[in-house]
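A.B. asks: Could you have a look at this structure, given as structure tokens, before my questions?
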Amino acid sequence: MTDTMIDRSGSARLVRRMERGAAFLGSEVAIMAGAMSWVSERNLVAAMSNAGGFGVIACGAMTVDLLDAEIAATKALTDKPFGVNLITMHPDLMALIDVCAKHGVGHVVLAGGLPPKGSLEAIKAGGAKVICFAPTLALAKKLIRSGVDALVIEGMEAGGHIGPVSTSVLAQEMLPEIADMVPVFVAGGIGRGEAIAGYLDMGAAGVQLGTRFVCATESIAHPKFKQAFIRASARDAVASVQIDPRLPVIPVRALKNAGGELFTAKQREVAQSLDEGGVAMAEAQLAIEHYWAGALRRAVIDGDVEHGSVMAGQSVGMVSKEEPLADIIAALMAQAAQALEQRAA
Ligand SMILES: Cc1cc2nc3c(=O)[nH]c(=O)nc-3n(C[C@H](O)[C@H](O)[C@H](O)COP(=O)(O)O)c2cc1C
1 MTDTMIDRSG SARLVRRMER GAAFLGSEVA IMAGAMSWVS ERNLVAAMSN AGGFGVIACG
61 AMTVDLLDAE IAATKALTDK PFGVNLITMH PDLMALIDVC AKHGVGHVVL AGGLPPKGSL
121 EAIKAGGAKV ICFAPTLALA KKLIRSGVDA LVIEGMEAGG HIGPVSTSVL AQEMLPEIAD
181 MVPVFVAGGI GRGEAIAGYL DMGAAGVQLG TRFVCATESI AHPKFKQAFI RASARDAVAS
241 VQIDPRLPVI PVRALKNAGG ELFTAKQREV AQSLDEGGVA MAEAQLAIEH YWAGALRRAV
301 IDGDVEHGSV MAGQSVGMVS KEEPLADIIA ALMAQAAQAL EQRAA
């Protein structure tokens with residue numbers, strides 16, 4: 001193609017910048033809906049993939065049988081590719097990997113820590129690509145050496161469990177070093193397409209959003225959960241505080257509510273059991289994780305947004321209404337295309 005034949009419109013630029021990420025995912029656009037426990041089930045995942053993006057089932061604490069049923073149900077709603085997010089500390093991780101292989105799931109996202117021995121090999125042997133979260137540059141390089149196919153880098157603006165560094169810093173630090181080695185998807189705090197265009201320009205293969213998709217019409221989140229998102233502003237989405245230095249808890253970003261106080265009380269209770277020798281450290285940390293899963297369910301499914309955990313990222317201020325997932329994707333793509341058009345001018 002000669003230079004004059006290259007389509008220089010914003011939308012053509014966007015397609016070119018998303019080409020690698022979309023090819024990797026097998027989707028039309030390189031936008032992933034990050035797995036959200038209780039929210040990312042068959043309906044949201046299928047809607048995301050049907051809209052041209054890439055949905056990811058949140059396995060969370062699901063049993064092997066439940067995941068089996070969820071994948072089958074999702075396949076009944078879409079013939080487009082979607083992924084499954086597995087938590088590394090799940091006691092049945094290897095059996096969950098087998099279930100993904102049985103269904104021919106193309107992409108497995110491993111969250112919650114470094115992949116346990118043998119897990120990468122097992123996922124690949126089952127025919128799926130492996131996507132991991134890279135919290136630091138050194139760990140990103142280590143994960144690439146151990147054979148992961150793609151990485152997500154997620155900043156502390158995100159909803160749910162978070163690290164200590166912002167998305168903008170992670171992207172600047174990591175993309176120039178690793179974006180040529182594997183596709184890298186940037187996550188955390190993305191609410192509009194202009195930001196997507198920015199990270200693509202910096203070398204990202206695509207992006208992952210969570211908060212922005214919670215209020216999709218197809219999302220089964222309780223109406224009160226969605227209402228809390230629509231009302232909230234960025235500063236309402238705060239990180240949980242660790243109260244006991246001996247009990248390291250991964251911070252969780254959620255909307256401020258009475259549930260935050262309950263978490264403080266829970267930490268005190270678990271710390272006291274540690275003191276009294278009632279539980280070991282690993283058990284204590286697991287108790288905290290179970291607490292979050294229960295609190296999130298209470299808010300997402302039961303609609304108790306006062307005492308449950310309304311996990312949300314700082315981009316929640318940009319969620320203003322309930323709308324079909326396809327409309328959210330279309331708006332993000334239009335904003336990104338316009339940004340690329342203007343930047344090229
Ligand atoms: C309600 C909620 C629940 C989440 N649950 C999970 C989860 O179970 N596993 C996971 O890997 N990430 C989880 N996340 C993180 C998302 O997958 C995604 O990476 C994140 O939302 C992206 O940042 P954003 O919220 O700023 O868009 C959750 C996020 C939210 C808002």
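So for the sequence shown, UniProt numbering puts the first residue at 1; every next one is plus one.
Beta carbons: idealized from backbone N, C-alpha and C, even for Gly.
1. Taking C-beta to C-beta, are GLN338 and GLY10 nearer than 7 Å?
2. How about ALA237: is its Cβ closer than 6 Å to a heavy atom in ligand 1?
3. Taking the alpha carbon of ILE220 as the reference point, which residue from LYS142, SER119 and GLY303 has its own alpha carbon closest?
4. How about the segment 185 to 195 and the segment 282 to 291: do they share at least three Cβ pairs that are nearer than 8 Å?
5. With DSSP as the reference, identify every bridge partner of GLN208, one or two as the case may be.
6. Assuming ILE329 contacts VAL207 under a Cβ cut-off of 8 Å, what Cβ separation, rounded to an integer in Å, is found between them?
7. Hey, would you say the C-beta of LEU34 is under 6 Å away from at least one heavy atom of ligand 1?
8. Do three or more CB pairs link the segment 257 to 271 to the segment 304 to 319 at distances below 8 Å?
9. Assuming contact is defined by CB atoms lying nearer than 7 Å, are ALA237 and GLY127 in contact in what I supplied?
10. Do PRO248 and ILE162 count as a contact pair if the criterion is CB distance below 7 Å?
11. Name, in chain order, the residues that DSSP records as bridge partners for ALA158.
12. Leaving out five residues before and five after ALA204 in sequence, what residues of the same chain have Cβ atoms less than 8 Å from its Cβ?
13. Reducing DSSP to helix, strand and coil, say where ILE61 ends up.
14. Just to confirm the assignment: which complete alpha helix (DSSP H) runs, minimum length 4, are found wholly within the segment 74 to 100?
15. By the 10 Å Cβ neighbour count, where 16 or more other Cβ atoms means buried, how is MET1 classified, buried or exposed?
16. Classify GLY113 as buried or exposed, calling it buried when 16 or more other Cβ atoms lie within 10 Å of its own Cβ.
17. With 7 Å as the threshold, decide whether the Cβ of GLY193 is near any Cβ in chain C.
18. Give the secondary structure of GLU323 by DSSP, where H, G and I count as helix, E and B as strand, and everything else as coil.
19. Terminal residues of the continuous beta strand (DSSP E) containing LEU255?
20. Where do the ends of the beta strand (DSSP E) carrying ILE131 lie?
21. Is the segment 191 to 201 touching the segment 217 to 233 in the sense that three or more CB pairs, one from each, lie closer than 8 Å?
22. For ligand 1, I want to know if ALA187 counts as a neighbour, meaning its beta carbon is within less than 6 Å of at least one of the ligand's heavy atoms.
23. Would the segment 116 to 123 and the segment 134 to 142 be scored as touching if the rule is three or more Cβ pairs under 8 Å?
24. Using CA atoms only, rank isn't needed, just tell me which of GLY191, LEU255 and HIS103 is closest to GLY160.
25. Does DSSP put ALA345 in a helix, in a strand, or in coil?
26. Could you tell me if the beta carbon of ASN257 falls within a distance shorter than 6 Å of some heavy atom in ligand 2?
27. Considering only their Cβ atoms, is the gap separating LEU325 from ALA158 smaller than 7 Å?
28. In this structure, what does DSSP give as the bridge partners for GLY55?
29. Can you list, in chain order, the residues of its chain with a C-beta nearer than 6 Å to that of ARG192? Leave out the 5 residues immediately preceding and following it.
30. ALA216 by DSSP, collapsed to three states: which one?
31. In whole angstroms, what is the alpha-carbon distance linking ALA69 and MET5?
32. With a cut-off of 8 Å on the beta carbons, I'd call CYS132 and LEU96 a contact; round off their distance for me.
33. So does GLN172 have its beta carbon nearer than 6 Å to some heavy atom of ligand 1?
34. Restricting to Cα atoms, I'd like to know which of ASP65, ALA61 and ILE71 is closest to GLY55.
35. Would you give the residue range spanned by the beta strand (DSSP E) that ALA237 belongs to?
C.D. replies: Quick look at the numbers:
1. yes
2. No, Cβ of ALA237 sits at least 6 Å from all heavy atoms of ligand 1.
3. If we check each option's Cα against that of ILE220, GLY303 comes out closest.
4. no
5. Beta-bridge analysis with DSSP links GLN208 to MET32 and ALA187.
6. Between VAL207 and ILE329 the Cβ distance is about 12 Å, and since that is not below 8 Å, they are no contact.
7. The residue you asked about is not Leu; residue 34 is Gly in the sequence shown. Yes.
8. Contact between the segment 257 to 271 and the segment 304 to 319 is present, because at least three Cβ pairs lie under 8 Å.
9. no
10. Judged by their CB atoms, ILE162 and PRO248 are not nearer to each other than the 7 Å cut-off.
11. Beta-bridge pairing links ALA158 to no other residue.
12. GLY21, ALA171, LEU175, ALA179, VAL184, PHE185 and VAL186
13. According to the sequence shown, residue 61 is Ala rather than Ile. It is coil, neither helix nor strand.
14. none
15. Per-residue confidence for MET1 stands at a pLDDT of 49, beneath the threshold of 50, marking its modelled position as unreliable; the derived number appears in the next sentence. The residue is exposed, with fewer than 16 neighbouring Cβ atoms inside 10 Å.
16. exposed
17. The chain inventory of the structure shown lacks chain C, comprising one protein chain alone.
18. strand
19. From DSSP, the beta strand (DSSP E) with LEU255 extends over 252 to 255.
20. 129 to 133
21. no
22. yes
23. no
24. LEU255
25. coil
26. Questions concerning ligand 2 fall outside what the structure shown contains, since the ligands it does hold are ligand 1.
27. No, Cβ-Cβ distance for ALA158 and LEU325 is not below 7 Å.
28. ALA33
29. GLN335
30. strand
31. ALA69 and MET5 have their C-alpha atoms some 49 Å from each other.
32. Contact doesn't hold; Cβ gap of about 16 Å is too wide.
33. no
34. Per the C-alpha coordinates, the member of ASP65, ALA61 and ILE71 positioned closest to GLY55 is ILE71.
35. 237 to 239
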